[in-house]
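Visitor: Sharing a structure with you now.
There are 2 protein chains.
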Amino acid sequence: MKPNIHDVAKVAGVSSTTVSRVLNDRGYISEKTKEKVYKAMEEINYFPNDLARSLFHKKTNLIGLIIPDSSNPFFGELAFHIERVCTSLGYKLLLCNSLNRMDKEEKYLEMLIRNQVDGVIVVTYNRGILNYHKPNLPIVAIDHYLSKKIPVVGSDNYEGGKKATELLIKKQCEHIIHINGPLELETPANFRRKAYEDVMKEYERLPITYEVSPQKSRQEVISKLFDEHPEVDGIFASDDLIAAAVITESRIRGKSIPTQLKVVGYDGTDTVKTILPELTTIQQPIDSIAEVAIDILSKEIEGEFDNIQLETYLPVKLLEGRTT
Amino acid sequence: MKPNIHDVAKVAGVSSTTVSRVLNDRGYISEKTKEKVYKAMEEINYFPNDLARSLFHKKTNLIGLIIPDSSNPFFGELAFHIERVCTSLGYKLLLCNSLNRMDKEEKYLEMLIRNQVDGVIVVTYNRGILNYHKPNLPIVAIDHYLSKKIPVVGSDNYEGGKKATELLIKKQCEHIIHINGPLELETPANFRRKAYEDVMKEYERLPITYEVSPQKSRQEVISKLFDEHPEVDGIFASDDLIAAAVITESRIRGKSIPTQLKVVGYDGTDTVKTILPELTTIQQPIDSIAEVAIDILSKEIEGEFDNIQLETYLPVKLLEGRTT
DNA sequence: CTGAAAGCGCTTACAG
DNA sequence: CTGAAAGCGCTTACAG
Chain A
1 MKPNIHDVAK VAGVSSTTVS RVLNDRGYIS EKTKEKVYKA MEEINYFPND LARSLFHKKT
61 NLIGLIIPDS SNPFFGELAF HIERVCTSLG YKLLLCNSLN RMDKEEKYLE MLIRNQVDGV
121 IVVTYNRGIL NYHKPNLPIV AIDHYLSKKI PVVGSDNYEG GKKATELLIK KQCEHIIHIN
181 GPLELETPAN FRRKAYEDVM KEYERLPITY EVSPQKSRQE VISKLFDEHP EVDGIFASDD
241 LIAAAVITES RIRGKSIPTQ LKVVGYDGTD TVKTILPELT TIQQPIDSIA EVAIDILSKE
301 IEGEFDNIQL ETYLPVKLLE GRTT
Chain B
1 MKPNIHDVAK VAGVSSTTVS RVLNDRGYIS EKTKEKVYKA MEEINYFPND LARSLFHKKT
61 NLIGLIIPDS SNPFFGELAF HIERVCTSLG YKLLLCNSLN RMDKEEKYLE MLIRNQVDGV
121 IVVTYNRGIL NYHKPNLPIV AIDHYLSKKI PVVGSDNYEG GKKATELLIK KQCEHIIHIN
181 GPLELETPAN FRRKAYEDVM KEYERLPITY EVSPQKSRQE VISKLFDEHP EVDGIFASDD
241 LIAAAVITES RIRGKSIPTQ LKVVGYDGTD TVKTILPELT TIQQPIDSIA EVAIDILSKE
301 IEGEFDNIQL ETYLPVKLLE GRTT
């Protein structure tokens with residue numbers, strides 16, 4: 001059996017109260033007692049049980065992270081930075097992959113509540129998660145509105161969409177098409193599309209958007225796009241994986257990049273920069289997004305609801321590669 | 001304040017014992033009482049506290065996962081599948097990114113022990129983690145030997161290295177060089193190198209291996225390789241990111257692929273298949289690795305130490321693209 | 001079919 | 001400087 005605080009007390013010849021005080025460096029304890037206790041802990045290989053501590057303190061230092069899929073380099077990188085910042089602040093991270101499925105999100109949220117997490121970071125497309133928003137549960141959303149009360153952190157999607165579209169126009173593209181993820185309402189990522197449309201209109205072009213969704217795969221949508229718009233010479237994809245798939249498809253169709261078709265992606269993860277360094281893309285500051293999100297969440301956890309910014313949009317950066 | 005079981009009891013007009021029994025569906029309870037209790041839970045929005053439960057049962061259903069870096073698509077995908085299987089079995093996952101740093105691994109392991117995880121899955125290069133192996137802590141390693149007693153699950157690295165090297169030979173490469181990750185001893189991944197060397201010797205070639213490490217970056221090593229071996233016409237890289245960097249560098253140097261240089265990677269993640277579908281690579285069965293690892297871990301957790309296979313190597317698959 | 005009591009491993013006011 | 005007691009939110013033998 002694992003030793004507990006009473007075992008330590010017995011070995012050290014003191015009370016468990018004293019052991020606890022040594023453990024927490026709390027109150028006055030003689031040096032001699034401290035040493036005895038430390039030696040006893042060492043001797044019987046004692047580690048405090050954080051479950052019991054958390055139960056008493058009603059604080060677990062646990063944070064839940066709900067993302068669609070850690071396989072995706074954007075989310076994998078986001079999870080990495082979130083975990084990094086959490087650890088630096090003494091928080092531990094419970095990972096949940098929702099696959100954007102609302103039923104899974106609800107189950108995960110209930111699991112997190114039962115596990116008494118101090119807060120939740122949510123990257124989700126489903127506004128329905130709202131139903132679960134307990135006023136007492138600190139929560140922060142990344143890149144997606146959940147409600148008026150839940151703070152959102154993301155990149156400056158409008159600026160990103162603008163930069164991407166303007167670049168394609170500057171590069172003389174005549175027929176620029178946008179490919180977006182699921183077109184949910186009130187998702188800041190849809191500002192990428194809005195910016196695309198605004199810029200297009202400003203230059204008196206007709207905006208056209210294709211949508212990739214769980215029902216219509218990347219490949220399928222891109223193929224359709226090329227069939228329906230053989231004249232396309234510029235594509236702004238709302239993430240790098242879609243951009244990569246566009247490159248692949250245009251290679252299959254013998255459309256050369258960047259001469260016949262120019263492509264701009266979105267995200268600019270390290271993985272994509274390594275694997276496909278030629279891709280022109282809009283880079284999100286994933287590390288800062290993680291930092292700001294956790295800063296906000298920890299303020300909520302500490303009960304400082306006043307200083308909280310409800311919407312934070314961090315600057316994006318255009319990375320020009322050889323696909324434009 | 002969050003309601004507890006006594007609050008539910010009060011509202012339902014029963015004892016907390018009864019509420020607990022309803023919660024756990026244990027013993028005989030009249031239908032009428034059950035209903036009263038469920039209604040009360042609903043009414044005051046009660047969720048059981050899993051901390052208290054776990055404290056009593058001495059089982060948390062928590063599993064710790066220590067990986068180097070969830071940003072890397074291989075680990076991101078592995079984390080995804082591990083989380084998926086854990087959830088399907090009722091386990092929850094605590095994510096730890098060690099960056100292969102031993103000091104971090106030790107801190108994480110202590111954190112996991114304090115949090116009373118039921119078991120730990122470790123993907124690490126540091127054998128030193130052994131020092132922490134408590135006989136009572138169920139542990140399983142992925143792709144890396146930790147000790148004679150810790151089960152390892154991985155892909156059939158020797159077969160993978162063999163397939164890769166033989167393909168390059170079959171494709172008429174004269175000067176085949178291998179690029180490996182950190183050359184630690186007793187890492188099953190080093191069988192990839194062993195196979196490369198064996199095949200090379202079999203064909204009376206001189207095996208040459210370059211090593212990428214935290215000190216020497218991919219780009220640096222690859223650049224050196226091209227400088228020192230301009231004759232190279234075949235490269236077997238021990239992961240796809242290295243292979244991608246080789247492709248980039250050879251493009252910079254005007255070496256065309258596959259005519260002047262053929263490249264084979266290793267891992268075959270979905271991300272790489274999407275972004276760089278032309279890459280020839282050895283695909284690891286990441287989903288099966290996750291499944292087998294957790295199967296073994298849960299056996300250890302259940303105390304069945306007899307049926308446990310200490311080494312499991314799952315079959316790999318050659319995916320031929322246009323880089324060979 | 002239901003309840004009072006003890007205990008999981010801690011911590012902290014309260015006494016001394 | 002140190003200890004006995006109560007309690008965090010549960011569960012489960014034991015009684016009835």
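As given, the protein sequences belong to chains A and B, one line each in that order.
Going by the UniProt record's numbering, 50 is the number at position 50 of the first sequence; the sequence numbering is gapless.
Going by the UniProt record's numbering, 119 is the number at position 119 of the second sequence; the sequence numbering is gapless.
Where a beta carbon is used, it is the ideal one built from N, C-alpha and C, also for glycine.
Give the list of continuous alpha helix (DSSP H) stretches no shorter than 4 residues that lie fully inside the region 76 to 135 of chain A.
Guide: Taking only runs of at least 4 residues, the alpha helix (DSSP H) segments lying wholly in the region 76 to 135 of chain A are 102 to 114.
Visitor: For the region 266 to 277 of chain A, which residues have a CB atom closer than 9 Å to at least one CB atom of chain B, in sequence order?
Guide: T269, D270, T271, V272, T274, I275, L276, P277
Visitor: Just confirm the distance between the C-beta atoms of L78/B and A290/B, as a whole number of angstroms; I'd bet it's less than 8 Å.
Guide: The residue given as residue 78/B occupies position 78 in the second sequence. The residue given as residue 290/B occupies position 290 in the second sequence. Yes, L78/B and A290/B are in contact; Cβ-Cβ is about 6 Å, under 8 Å.
Visitor: Shorter than 7 Å from the beta carbon of K148/A to some beta carbon of chain B?
Guide: Residue 148/A sits at position 148 when you count from the first residue of the first sequence. By this cut-off, K148/A is not an interface position.
Visitor: Counting pairs of beta carbons, one from the region 62 to 71 of chain B and one from the region 78 to 87 of chain A, are three or more of them closer than 8 Å?
Guide: In short, these stretches touch, since the Cβ pair count reaches three.
Visitor: Can you name the start and end residues of the beta strand (DSSP E) that F236/B belongs to?
Guide: As a working note, residue 236/B is residue 236 in the second sequence. F236/B -> beta strand (DSSP E) spans 234 to 237.
Visitor: Rounded to a whole number of angstroms, what is the C-alpha to C-alpha distance between H144/B and L314/B?
Guide: Here residue 144/B is taken as the residue at index 144 of the second sequence, counted from 1. Here residue 314/B is taken as the residue at index 314 of the second sequence, counted from 1. Distance between the alpha carbons of H144/B and L314/B is about 14 Å.
Visitor: From N157/B to V316/B, what does the alpha carbon distance come to, in whole angstroms?
Guide: Counted from its first residue, the second sequence places residue 157/B at position 157. Counted from its first residue, the second sequence places residue 316/B at position 316. Cα-Cα distance, rounded: 8 Å.
Visitor: Between which two residues does the beta strand (DSSP E) containing S155/B stretch?
Guide: On the second sequence, position 155 is the one that residue 155/B refers to. Its beta strand (DSSP E) spans residues 152 to 155.
Visitor: Are there three or more Cβ pairs, one per stretch, closer than 8 Å when the region 136 to 154 of chain A is compared with the region 201 to 215 of chain A?
Guide: no
Visitor: Would the beta-carbon of A293/A fall within 7 Å of that of I121/A?
Guide: The count along the first sequence starts at 1 and reaches residue 293/A at position 293. The count along the first sequence starts at 1 and reaches residue 121/A at position 121. Cβ distance < 7 Å, so A293/A and I121/A count as in contact.
Visitor: Who are the near neighbours of V14/B in its chain, counting only those whose CB is closer than 8 Å to its CB and skipping five residues on each side?
Guide: Translated into positions along the second sequence, residue 14/B becomes position 14. Once the five neighbours on either side are set aside, the close Cβ partners of V14/B are T33, K36, V37.
Visitor: Run down chain B in chain order and give the residues with a C-beta less than 9 Å from the C-beta of M111/A.
Guide: Translated into positions along the first sequence, residue 111/A becomes position 111. The answer, in chain order, is D50, T87, K92.
Visitor: Measure from the alpha carbon of V272/B to the alpha carbon of each residue in I242/B, S256/B, R253/B, then state which is nearest.
Guide: Stepping through the second sequence from its first residue, residue 272/B is reached at position 272. The residue with the shortest Cα to Cα distance from V272/B is I242/B.
Visitor: Mind listing the chain A neighbours of S70/B? Cutoff is C-beta to C-beta under 8 Å, in chain order.
Guide: Along the second sequence, one-based indexing puts residue 70/B at 70. Neighbours of S70/B on chain A, chain order: S70, G76, E77, A79, F80, E83.
Visitor: Let me check understanding here. Comparing Cα to Cα, which of T165/B, Q116/B, P214/B lies closest to I301/B?
Guide: Reading the second sequence from its first residue, position 301 is the one you call residue 301/B. If we check each option's Cα against that of I301/B, Q116/B comes out closest.
Visitor: For Q219/B, which option in D233/B, N190/B, E228/B, E249/B has the closest C-alpha, if you only look at C-alpha atoms?
Guide: For the purposes of this step, residue 219/B is identified with residue 219 of the second sequence, where counting begins at 1. Nearest C-alpha to Q219/B: E249/B.
Visitor: So N100/B contacts chain A; which residues on that side make the cut at Cβ distance below 9 Å?
Guide: What you label residue 100/B is simply residue 100 of the second sequence in a count that begins at 1. Near N100/B there are no residues of chain A at all, since even the closest Cβ is about 13 Å away, more than 9 Å.
Visitor: In terms of DSSP beta bridges, what is V263/B paired with?
Guide: Translated into positions along the second sequence, residue 263/B becomes position 263. Note: V263/B sits in a beta bridge opposite I235/B.
Visitor: Report the residues of the UniProt domain "HTH cro/C1-type" (7 to 47) of chain A with a CB closer than 8 Å to any CB of chain B, ordered along the chain.
Guide: N45, F47
Visitor: Can you tell me where the beta strand (DSSP E) holding I208/A begins and where it ends?
Guide: Taking the first residue of the first sequence as position 1, residue 208/A is located at position 208. Here the beta strand (DSSP E) through I208/A covers 208 to 211.
Visitor: Looking at the secondary structure, which residues open and close the beta strand (DSSP E) in which V140/B lies?
Guide: Taking the first residue of the second sequence as position 1, residue 140/B is located at position 140. Counting along the chain, the beta strand (DSSP E) containing V140/B begins and ends at 139 to 142.
Visitor: If you check the beta carbons only, do K255/A and K171/A fall under 7 Å apart?
Guide: For the purposes of this step, residue 255/A is taken as residue 255 along the first sequence, with counting starting at 1. For the purposes of this step, residue 171/A is taken as residue 171 along the first sequence, with counting starting at 1. Not in contact: K255/A and K171/A (Cβ atoms no closer than 7 Å).
Visitor: Chain B beta carbons: is any one of them nearer than 7 Å to that of P73/A?
Guide: Position 73 of the first sequence, counting from 1, holds the residue named residue 73/A. The C-beta of P73/A comes closer than 7 Å to at least one C-beta of chain B.
Visitor: Starting from T312/A and walking both ways along the beta strand (DSSP E), at which residues does that stretch end?
Guide: Here the question's residue 312/A lines up with position 312 in the first sequence. Here the beta strand (DSSP E) through T312/A covers 311 to 314.
Visitor: Assign Y266/B to buried or exposed, taking buried as 16 or more other Cβ atoms, counted over all protein chains shown, within 10 Å of its Cβ.
Guide: Indexing the second sequence from 1 puts residue 266/B at position 266. Y266/B comes out buried.
Visitor: With H229/B as the anchor, note down where its alpha helix (DSSP H) starts and where it stops.
Guide: Residue mapping note: residue 229/B aligns to position 229 of the second sequence, counting from 1. It is not in any alpha helix (DSSP H) - H229/B carries neither H nor E in the DSSP assignment.
Visitor: Just curious, the alpha helix (DSSP H) that N180/A is in, first and last residue?
Guide: The residue labelled residue 180/A in the question sits at position 180 within the first sequence. Per DSSP, N180/A lies in no alpha helix (DSSP H) segment; the continuous beta strand (DSSP E) that holds it begins and ends at 176 to 180.
Visitor: Please check if any C-beta of chain B sits within less than 7 Å of the C-beta of residue 332/A.
Guide: Here chain A has residues from 1 to 324 only, and residue 332/A is not among them.
Visitor: Mind checking if L95/B is an interface residue toward chain A, Cβ cutoff 7 Å exclusive?
Guide: Locating residue 95/B in the second sequence gives position 95, counting from the first residue. Yes, L95/B counts as interfacial toward chain A.
Visitor: A243/B CB to nearest chain A CB: under 7 Å?
Guide: Taking the first residue of the second sequence as position 1, residue 243/B is located at position 243. No, A243/B lies away from the interface with chain A (no Cβ there is under 7 Å from its Cβ).
Visitor: Between Q283/A, S30/A, V19/A, which has its C-alpha nearest Y46/A's C-alpha?
Guide: Numbered from 1 along the first sequence, position 46 holds the residue referred to as residue 46/A. Among Q283/A, S30/A, V19/A, the Cα nearest to that of Y46/A is on V19/A.
Visitor: Can you name the residues that DSSP bridges to I66/A?
Guide: The residue given as residue 66/A occupies position 66 in the first sequence. According to DSSP, I66/A bridges with C96/A, V122/A.
Visitor: Ignore the nearest five residues each way along the sequence and tell me which others in I222/A's own chain have a CB closer than 6 Å to its CB.
Guide: Here the question's residue 222/A lines up with position 222 in the first sequence. Taken in chain order, the residues that qualify are A245, V246, E249.
Visitor: I need the DSSP call for Q284/B, collapsed to helix, strand or coil.
Guide: Counting from one through the second sequence, the residue named residue 284/B turns up at place 284. Here Q284/B sits in coil by DSSP.
Visitor: Measure the alpha-carbon distance for K163/B versus D295/B and round it to whole angstroms.
Guide: Residue 163/B sits at position 163 when you count from the first residue of the second sequence. Residue 295/B sits at position 295 when you count from the first residue of the second sequence. K163/B and D295/B: Cα-Cα distance of roughly 28 Å.
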